[in-house]
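> In my numbering, the protein residues as written are 21 to 380.
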């Protein structure tokens, strides 16, 4: 057997979660009766016009546009940036790895909050970097002071997750800007804003302006969440043109396929539909949070399409298995903590019913 690098051998293969059909076969039930609330996916289908755009994309014998020219120019106009300030990837997850690969290497460090998106840990290992995990503060938010203290002369990259996954918490735009300005220019600061569209708090803002102006700042975005294109894998980075031009050298070519580009392009320019989805999510989040509070369960107030909550004891996997027997899939985390995705009204109601059933 080939000898793996120790940091790779130490990883567990990333698990997205079992397919609904596989779970249904195990339990002998109709897949349509199961409610999947594990992966922070959108409960909606793609935006209007996307299915037609996909059907019209028939030139599959041709390679995709490696620059995503049409999509890039349209998106740049919506964001108020230049096309050169955008870099597309096979989901924002792939871009995290690309960025780490571009700046990392043996003897370097990647600093990130914990718990947060586990792909930061994987990206560090893939790039040969030392992973430095900084615990969240008492409010389950990124501890920016502690993260600043963790930066040293071997640090090459800092990941910020705002809003943070899995806790759903945010730091204000002013707080993030102050942190970014405190970081040495030799350290790349990457702000993962995958869930930004769900945030309604007026103190929050995306770091787009900072990313365009400052060569050591990049923000990450995805079409997987609010835009419902998780199955097509497309995300993008916003940053200084010179920085992204360099990062492109670390990318595998042609990773954003023609269908994904067409679907993303068709999703743009629909502010009313975007607003409707945010409103439905907000109502569902308040319903789920209220149900947790009524049952005396600890939860973290969320700004996203998921809620982080704690069940009695320290075996969240057992609780997840119990809820699965009632047809609802939720994500077990560490200890008694779990994460539930906000679904449609009926899905949220099914979650509360399953919660009552397992709590007795």
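Cβ atoms here follow ideal geometry from the backbone N, Cα and C, with glycine treated the same way.
These numbers were taken from a predicted model, which means no experiment stands behind them.
Just to confirm, is the Cβ distance from residue 257 to residue 102 under 8 angstroms?
Start at 1 with the first residue of the chain shown, and residue 257 comes out as number 237. Start at 1 with the first residue of the chain shown, and residue 102 comes out as number 82. The answer is no: Cβ separation not under 8 angstroms.
> What residue ranges within the stretch 243-318 form continuous beta strand (DSSP E) runs of no fewer than 3 residues, ordered along the chain?
Taking only runs of at least 3 residues, the beta strand (DSSP E) segments lying wholly in the stretch 243-318 are 255-259.
> Sorted by chain position, which residues of the same chain lie with C-beta nearer than 8 angstroms to residue 202's C-beta, five sequence neighbours on each side aside?
Translated into positions along the chain shown, residue 202 becomes position 182. Result list for residue 202: 168, in chain order.
> With a floor of 3 residues, list each beta strand (DSSP E) that falls wholly inside the stretch 103-176, ordered by position along the chain.
Fully enclosed beta strand (DSSP E) runs of 3 or longer: 106-109, 129-134 and 150-155.
> If you count every other CB in all the chains shown that lies within 10 Å of the CB of residue 48, and 16 or more means buried, which is it?
To locate residue 48, count along the chain shown from 1; it is residue 28. It is exposed - the Cβ of residue 48 has fewer than 16 other Cβ atoms within 10 Å.
> Compare the C-alpha of residue 367 against each of 340, 301 and 199 and name the closest.
Your numbering for residue 367 matches position 347 in the chain shown. It is 301.
> Between residue 56 and the rest of its own chain, which residues show a CB-CB distance below 7 angstroms, the 5 nearest in sequence each way excluded?
For the purposes of this step, residue 56 is taken as the residue at position 36 of the chain shown. Once the five neighbours on either side are set aside, the close Cβ partners of residue 56 are 40 and 349.
> CB-CB under 8 angstroms to residue 347, same chain, minus the five flanking residues each way: which ones, in chain order?
Taking the first residue of the chain shown as 1, we reach residue 347 at position 327. The answer, listed in chain order, is 49, 53, 54, 55, 370 and 374.
> With 16 as the cutoff for other CB atoms within 10 Å, does residue 80 come out buried or exposed?
Position 60 of the chain shown, counted from the first residue, corresponds to residue 80. Exposed, since its Cβ has fewer than 16 Cβ neighbours within 10 Å.
> Closest to residue 255 by C-alpha separation, out of 237, 119 and 214, would be which residue?
Residue numbering aside, residue 255 sits at position 235 when the chain shown is read from its first letter. When only C-alpha atoms are compared, the closest one is 214.
> Looking at the structure shown, is residue 199 part of a helix, part of a strand, or coil, going by DSSP?
Stepping through the chain shown from its first residue, residue 199 is reached at position 179. In this structure, residue 199 counts as helix in the three-state DSSP scheme.
> Relative to the alpha-carbon of residue 160, which residue among 149, 183, 141 and 150 has its alpha-carbon at the smallest distance?
Residue mapping note: residue 160 aligns to position 140 of the chain shown, counting from 1. Per the Cα distances, 183.
> Going along the chain, which residues of its own chain have a beta-carbon closer than 8 angstroms to the beta-carbon of residue 163, five neighbours each way excluded?
Here the question's residue 163 lines up with position 143 in the chain shown. Around residue 163: 133, 154, 155, 156 and 157.
> Could you tell me the distance, in whole angstroms, from the CA atom of residue 337 to the CA atom of residue 60?
For the purposes of this step, residue 337 is taken as the residue at position 317 of the chain shown. For the purposes of this step, residue 60 is taken as the residue at position 40 of the chain shown. Distance between the alpha carbons of residue 337 and residue 60: 18 angstroms.
> Let's test the definition: count the other Cβ atoms within 10 Å of the Cβ of residue 165 and tell me whether it reaches 16, buried, or not, exposed.
The sequence position of residue 165 within the chain shown is 145, counting from 1. It is exposed - the Cβ of residue 165 has fewer than 16 other Cβ atoms within 10 Å.
> Is the number of C-beta pairs between the stretch 271-278 and the stretch 71-85 that are closer than 8 angstroms three or more?
Flag = yes, the stretch 271-278 and the stretch 71-85 touch.
> Which whole-angstrom value is the C-beta distance of residue 180 and residue 149, which I expect to be below 8 angstroms?
By 1-based counting over the chain shown, the position of residue 180 is 160. By 1-based counting over the chain shown, the position of residue 149 is 129. 16 angstroms between Cβ atoms; not a contact.
> What three-state label does DSSP hand residue 82 in the structure shown?
In the chain shown, the residue the question calls residue 82 occupies position 62. Three-state result, residue 82: coil.
> Would residue 118 be called buried (16 or more neighbouring beta carbons within 10 Å of its own) or exposed?
Reading the chain shown from its first residue, position 98 is the one you call residue 118. Burial call: buried.
> Closest to residue 362 by CA distance: which of 329, 234, 230 and 44 is it?
Walking along the chain shown from the start, residue 362 turns up at place 342. Minimum Cα distance to residue 362 is reached at 329.
> Using the rule of at least 16 other Cβ atoms within 10 Å of the residue's Cβ for burial, across every protein chain shown, is residue 63 buried or exposed?
Taking the chain shown and counting its residues from 1, the one referred to as residue 63 is at position 43. Buried: at least 16 other Cβ atoms inside 10 Å.
> What's the C-alpha gap between residue 46 and residue 342?
Numbered from 1 along the chain shown, position 26 holds the residue referred to as residue 46. Numbered from 1 along the chain shown, position 322 holds the residue referred to as residue 342. Cα to Cα, residue 46 sits roughly 14 angstroms from residue 342.
> Determine the direct distance from the alpha carbon of residue 376 to that of residue 287, and round the result to whole angstroms.
Here residue 287 refers to the residue found at position 267 when the chain shown is read from its first residue. Here residue 376 refers to the residue found at position 356 when the chain shown is read from its first residue. Answer to the nearest angstrom: the Cα atoms are 38 angstroms apart.
> Using beta-carbon positions only, say whether residue 323 and residue 193 come within less than 8 angstroms of one another.
Position 303 of the chain shown, counted from the first residue, corresponds to residue 323. Position 173 of the chain shown, counted from the first residue, corresponds to residue 193. Contact flag unset, no.
> Could you tell me the distance, in whole angstroms, from the CA atom of residue 320 to the CA atom of residue 356?
What you label residue 320 is simply residue 300 of the chain shown in a count that begins at 1. What you label residue 356 is simply residue 336 of the chain shown in a count that begins at 1. Using only the alpha carbons, I get a separation of about 13 angstroms.
> Within the continuous beta strand (DSSP E) that includes residue 212, where are the two ends?
Along the chain shown, one-based indexing puts residue 212 at 192. Counting along the chain, the beta strand (DSSP E) containing residue 212 begins and ends at 208-212.
> Just the C-alpha distance for residue 27 and residue 290, rounded to the nearest angstrom, thanks.
Here residue 27 is taken as the residue at index 7 of the chain shown, counted from 1. Here residue 290 is taken as the residue at index 270 of the chain shown, counted from 1. Distance between the alpha carbons of residue 27 and residue 290: 44 angstroms.
> Less than 6 angstroms between C-beta atoms, sequence neighbours within five positions excluded: which residues of the same chain meet that for residue 247?
One-based indexing of the chain shown puts residue 247 at position 227. So the qualifying residues of the chain are 287.
> Measure from the alpha carbon of residue 200 to the alpha carbon of each residue in 216, 235 and 122, then state which is nearest.
Taking the first residue of the chain shown as position 1, residue 200 is located at position 180. Nearest C-alpha to residue 200: 235.
> Just to confirm, are residue 207 and residue 177 a CB contact at a threshold of 8 angstroms?
What you label residue 207 is simply residue 187 of the chain shown in a count that begins at 1. What you label residue 177 is simply residue 157 of the chain shown in a count that begins at 1. Yes; because the gap between Cβ atoms is below 8 angstroms, this pair is in contact.
> Counting along the chain, where does the alpha helix (DSSP H) carrying residue 217 start and finish?
The residue given as residue 217 occupies position 197 in the chain shown. Taken as a continuous stretch (DSSP letters only), residue 217 belongs to no alpha helix (DSSP H), as it is neither H nor E.
> Verify whether the separation of the beta carbon atoms of residue 351 and residue 359 is less than 8 angstroms.
The residue you call residue 351 lines up with position 331 of the chain shown. The residue you call residue 359 lines up with position 339 of the chain shown. Going by C-beta atoms, residue 351 is nearer than 8 angstroms to residue 359.
> My assumption, with CB atoms under 8 angstroms, is that residue 267 sits in contact with residue 122. Please give the rounded CB distance.
For the purposes of this step, residue 267 is taken as the residue at position 247 of the chain shown. For the purposes of this step, residue 122 is taken as the residue at position 102 of the chain shown. Indeed they touch by this definition, with Cβ atoms about 5 angstroms apart.
> Could you pull out every residue in the same chain whose Cβ sits closer than 7 angstroms to the Cβ of residue 126, ignoring the five residues on either side in sequence?
Taking the first residue of the chain shown as 1, we reach residue 126 at position 106. Excluding sequence neighbours, residue 126 sits near 148.
> Of the residues 69, 229, 272 and 22, which one's Cα is nearest the Cα of residue 249?
Position 229 of the chain shown, counting from 1, holds the residue named residue 249. For residue 249, the nearest C-alpha among the options comes from 69.
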